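Residue numbers (mature numbering (1 follows the signal peptide of the UniProt record, and there is no 0)): -24 to -1, 1 to 533. Beta carbons are placed, not taken as given, at the ideal position from N, Cα and C, and that holds for glycine. Because the structure is a prediction, the values reported are computed rather than measured.
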Amino acid sequence: MKKTIAIVCSLTLVIAAFTGCSNASTDQGKTMEYEDKLLNDSVVHEINVDIGEEDWQDLLENPLEKSKYKADVTIDGETFSEVSFATKGNTSLSQIASDDTTDRYSFKINFDKYVDGQTYYGLDKLSLNNLMSDATYMKDYFSYEMMREAGAAAPLTSFVNISINGEPWGLYLAVEDVSDSFLSRNYGEDAGELYKPETEQLNNMGNMDKDGMKAPADMAQSVSGGAMGERPEGMPNGQSGSTTSGAMQAPPDWSKDGNKAGEGAEGFGGSSKGASLAYTDDQLDSYSDIFDNGETDATEEDQQRVVTALKQLSTGEDLESALDVESIIKYFVAHNFVDNYDSYTGNMLHNYYLYEKDGVLSLIPWDYNLAFGAFGGMKGPGAQRTSNTTEADGDQATSMVNYAIDTPLSGAQEADRPMWSFIVNNEQYKELYHQYFDEFITSYFESGKFEEKITSVYNMIRPYVEKDATAFYTVDEFDKAYSTLKEFCLLRASSIRAQLSGDLPSTTEAQQGEGVQLIDASSLSIEDMGSQGGGPQQQRKNQENGENGNKTEGSPQ
């Protein structure tokens, strides 16, 4: 009993210390009008894009150019004239561009590109995500929701029914762009500097189109459009139920146990120049993956503060002077829950923003369509075990459900991910991480809030999925994906509760020990939710049975 009281008191002091002197700056943000309008997620919004026919055809023929076209957008009946309209994405953009059966691109709207000072009720930029590799339609949505529930700064989202020049186009996810308005909402008018680290190799991967430009040798090109609803003019017919299966596979020497000290801070395709957030030296050129991808007008003095903070991080001392420790820990609580390895905790070293203010660093989440174990067929801690399952899909689901919260890296070494490793290498920070995880599981899952929310979202968007003119998946596949995502998250929460209580090991090595009983998810298939590197289950069944993928069997109970 005395030992328990001592631990609780120690943790209370740690939390109190962070509450009193945290560098977190999200409390300095302000309410924006657009929060209660387009980014009110309780309804499906309507967006029509009026764009010149020649411009639209040019966009479809040259999507990789990301050219900006003038367009008028009508949002829930209100028109905003002369906005910038363009394709967006990197490898996902290349995949769509390389496939002759679909033009379902993701888009970006910039409200003040051509009309100085124009915003949508304070929103300067908006992303429209095509929900590629996501049969659930909800991976990004719930990943960002979980970030906010955990207490991390994250983009707002809502579902939007899009039409182009009055023709139905499809159900997309509107995402608040991480730009000026996001910074104002979360950090106030006196916000700091923003970067989107990306390795040079990944920046150069958007290099294939429908005319045959080549992609890397290991990039798959199976991207197809669905056939649910009437296809708009100019949209090629695709196979029913087919989907973007994802492009980049894990390298042949991909490490499944990537939580030990390793050699060099490398990402996919070569060495990182800063994207790993590992300190190299004091030269700004050594961090080109960060500074070449600045989102604000940072000066060399601003950039030097980032290097100084990374140097401080490398020492492991006085970290509160260089890191917003509390917000970073909360970021990793949600991030590690959703099993996203197309990210900093995987081998890709991208899909996050680095925010700096007064020499203090924090992380902002981005791009979670390959969350919930979808990236490259990753397997995790149970990959070599067969005691829980006999089917490969079930084994993968069990592995992802139980992925150890204290060793969450995949294809990466702990020494090369200092923004994560400082947490588990410091006993007080690790205790705080577990405390925040406990609060997150209690308030969002064990309270019933998640089940209520996902059921509500499913019921809200299903009628739009049924009519989605350019869908990657059939409505039957969506129904199955929804049920799978719901059960996956509930089992994941149960596993993490067991890891926090000590009933289940919280490290990969310990989970692989003899006699360890993982939470069984063998009835689930990761691919049913949509995955990178594998098409939907229903399409394969349809091809085998010669059935039409549009057949609807009714929604799950």
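Query - Residue of Asp34, Ser262, Ile305, Leu461 minimising C-alpha distance to Asp414 - result: Taking the sequence shown and counting its residues from 1, the one referred to as residue 414 is at position 438. Comparing Cα positions, the closest option is Ile305.
**Report entry** N-terminal and C-terminal residue of the alpha helix (DSSP H) that Ser68 is part of
**Finding:** Within the sequence shown, residue 68 is the residue found at index 92, counting from 1. Taken as a continuous stretch (DSSP letters only), the alpha helix (DSSP H) holding Ser68 covers 67 to 73.
Query raised in the report: Are the segment 372 to 386 and the segment 434 to 442 in contact at 8 angstroms, needing three or more beta carbon pairs?
Result: no
Report task. Tell me whether Glu367 sits in a helix, a strand or coil according to DSSP, three-state version. Result -> Numbered from its first residue, the sequence shown carries residue 367 at position 391. Per-residue confidence for Glu367 stands at a pLDDT of 47, beneath the threshold of 50, marking its modelled position as unreliable; the derived number appears in the next sentence. Three-state DSSP puts Glu367 in coil, outside helix and strand.
Requested in this report: Quick one: residues in its chain with C-beta nearer than 7 angstroms to the C-beta of Leu476, no 5 flanking neighbours on either side, listed in chain order?
Outcome: Counted from its first residue, the sequence shown places residue 476 at position 500. Within the same chain, Leu476 has close Cβ partners His410, Phe413, Asp414.
Query raised in the report: Out of Pro39, Glu490, Ala310, which has the shortest C-alpha to C-alpha gap to Arg124?
Result: As a first step, residue 124 is located in the sequence shown; it is residue number 148 there, counting from the start. Ranking the options by Cα distance to Arg124, first place goes to Ala310.
Query raised in the report: Over what stretch of residues does the alpha helix (DSSP H) that includes Ser160 continue unbroken?
Result: As a position in the sequence shown, residue 160 is number 184, starting the count at 1. Start and end: 156 to 163.
Query raised in the report: For the segment 126 to 136 against the segment 83 to 90, are there 3 or more C-beta pairs whose distance is under 8 angstroms?
Result: no
Report task. Would you list, in sequence order, the uninterrupted beta strand (DSSP E) runs of no fewer than 3 residues that lie entirely inside the segment 104 to 177? Result -> 133 to 140, 143 to 152, 169 to 171
Query raised in the report: Looking only at its own chain, which residues have a Cβ that is under 7 angstroms from the Cβ of Gly188, when we skip the five neighbours before and after it?
Result: The residue given as residue 188 occupies position 212 in the sequence shown. A caution first: Gly188 carries a pLDDT of 44, below 50, which makes its placement in the model too unreliable to give a value.
Report task. Determine the burial state of Asn401: buried for a count of at least 16 other Cβ atoms within 10 Å of its Cβ, exposed for fewer. Result -> Within the sequence shown, numbered from 1, the residue matching residue 401 stands at position 425. Flag for Asn401 reads exposed.
Query raised in the report: Cα-Cα, which of Ser501, Ser459, Val441, Gly489 is closest to Leu149?
Result: Start at 1 with the first residue of the sequence shown, and residue 149 comes out as number 173. Residue Val441 is the option with its Cα nearest to Leu149.
Query - Candidates Ala274, Tyr458, Leu286: closest to Gly250 by CA position - result: On the sequence shown, residue 250 is found 274 positions in, with the first residue counted as 1. It is Leu286 whose Cα lies nearest to the Cα of Gly250.
Query raised in the report: At what residues does the alpha helix (DSSP H) containing Ser477 begin and finish?
Result: Taking the first residue of the sequence shown as position 1, residue 477 is located at position 501. Element bounds for Ser477: 451 to 477.
**Report entry** Where the alpha helix (DSSP H) containing Ser301 begins and where it ends
**Finding:** Here the question's residue 301 lines up with position 325 in the sequence shown. Per the sequence shown, the amino acid found at residue 301 is Val instead of Ser. It spans 301 to 313 - the alpha helix (DSSP H) in which Val301 sits, taken as one unbroken run.
Query raised in the report: Do you know offhand how far Asp17's Cα is from Thr256's?
Result: Taking the first residue of the sequence shown as position 1, residue 17 is located at position 41. Taking the first residue of the sequence shown as position 1, residue 256 is located at position 280. Rounded to the nearest angstrom, the two C-alpha atoms are 43 angstroms apart.
**Report entry** Exposure label - Asp52; buried when at least 16 CB within 10 Å
**Finding:** Numbered from 1 along the sequence shown, position 76 holds the residue referred to as residue 52. By the neighbour-count rule (16 or more Cβ atoms within 10 Å), Asp52 is not buried but exposed.
Report task. Would you kindly check if the distance between the Cβ of Ser139 and the Cβ of Val25 is under 9 angstroms? Result -> For this step, residue 25 is matched to residue 49 along the sequence shown. For this step, residue 139 is matched to residue 163 along the sequence shown. Yes, Cβ-Cβ distance for Val25 and Ser139 is below 9 angstroms.
**Report entry** Cβ pair count under 8 angstroms reaching 3, the segment 328 to 342 against the segment 451 to 460
**Finding:** no
Report task. Within its chain, find whatever has a CB closer than 8 angstroms to the CB of Thr7; leave out the 5 residues flanking it on each side and keep chain order. Result -> In the sequence shown, residue 7 corresponds to position 31, counting from 1. Arg161.
Report task. Quick one: measure Cβ to Cβ for Ala469 and Phe398, integer angstroms, because I've assumed they're closer than 8 angstroms. Result -> Position 493 of the sequence shown holds residue 469. Position 422 of the sequence shown holds residue 398. Actually they do not touch by this definition, with Cβ atoms about 26 angstroms apart.
Requested in this report: Rank Leu500, Trp342, Gln493 by C-alpha distance to the C-alpha of Asp116 and give the top, closest one.
Outcome: Translated into the one-based positions of the sequence shown, residue 116 becomes position 140. Comparing Cα-Cα distances from Asp116 to each of Leu500, Trp342, Gln493, the minimum goes to Trp342.
Query raised in the report: Going straight from the alpha carbon of Thr275 to that of Ser248, what length do you get?
Result: Translated into positions along the sequence shown, residue 275 becomes position 299. Translated into positions along the sequence shown, residue 248 becomes position 272. Answer to the nearest angstrom: the Cα atoms are 22 angstroms apart.
Requested in this report: Kindly indicate which three-state DSSP category Lys44 falls into: helix, strand or coil?
Outcome: The sequence position of residue 44 within the sequence shown is 68, counting from 1. If DSSP states are grouped into helix, strand and coil, Lys44 belongs with coil.
Requested in this report: Take the Cβ of Asp258 as the centre, count every other Cβ of all protein chains shown within 10 Å, and call the residue buried at 16 or more, exposed below.
Outcome: Numbered from its first residue, the sequence shown carries residue 258 at position 282. With fewer than 16 other Cβ atoms within 10 Å, it is exposed.
Requested in this report: Could you check the C-alpha separation between Glu427 and Cys465 for me, to the nearest Å?
Outcome: Position 451 of the sequence shown holds residue 427. Position 489 of the sequence shown holds residue 465. If I take the Cα positions, the gap works out to 9 angstroms.
Requested in this report: Kindly identify the DSSP beta-bridge partner or partners of Ile340.
Outcome: The residue you call residue 340 lines up with position 364 of the sequence shown. DSSP, once it has assigned bridges, lists Tyr329 as partnering Ile340.
Query - Sheet register partners of Phe56 (DSSP bridge) - result: Here residue 56 is taken as the residue at index 80 of the sequence shown, counted from 1. DSSP output for Phe56 lists Val49 as bridge partner(s).
Query - Ser109 versus Leu461: straight-line alpha-carbon distance, rounded - result: In the sequence shown, residue 109 corresponds to position 133, counting from 1. In the sequence shown, residue 461 corresponds to position 485, counting from 1. Rounded to the nearest angstrom, the two C-alpha atoms are 14 angstroms apart.
Requested in this report: Tell whether a beta-carbon distance below 9 angstroms holds between Val91 and Glu54.
Outcome: Counted from its first residue, the sequence shown places residue 91 at position 115. Counted from its first residue, the sequence shown places residue 54 at position 78. No, these two residues do not count as a Cβ contact at 9 angstroms.
Query raised in the report: Secondary structure at Ile23, three-state DSSP: helix, strand or coil?
Result: Here residue 23 is taken as the residue at index 47 of the sequence shown, counted from 1. If DSSP states are grouped into helix, strand and coil, Ile23 belongs with the strands.
Requested in this report: In the DSSP assignment, find the unbroken alpha helix (DSSP H) run with Phe398 in it and report its ends.
Outcome: Residue numbering aside, residue 398 sits at position 422 when the sequence shown is read from its first letter. First-last of the alpha helix (DSSP H) with Phe398: 394 to 400.
Query - Rounded distance between the beta-carbons of Gly168 and Tyr317, thought under 8 angstroms - result: Within the sequence shown, the letter at position 341 stands for residue 317. Within the sequence shown, the letter at position 192 stands for residue 168. With 8 angstroms as the limit, Tyr317 and Gly168 do not qualify as a contact, their Cβ atoms being about 28 angstroms apart.
Query raised in the report: With burial defined as no fewer than 16 other Cβ atoms inside 10 Å of the residue's Cβ, what is the status of Val314: buried or exposed?
Result: As a first step, residue 314 must be located in the sequence shown, where it is residue number 338. Buried, because 16 or more other Cβ atoms sit within 10 Å of the Cβ of Val314.
Query raised in the report: In three-state terms, what does DSSP make of Thr256?
Result: Position 280 of the sequence shown holds residue 256. Of the three classes helix, strand and coil, the one that applies to Thr256 here is coil, per DSSP.
Query raised in the report: When DSSP builds the beta bridges, which residues end up paired with Tyr86?
Result: As a position in the sequence shown, residue 86 is number 110, starting the count at 1. As written in the sequence, residue 86 is Asn, which differs from the Tyr given in the question. DSSP output for Asn86 lists Ser60, Lys101 as bridge partner(s).
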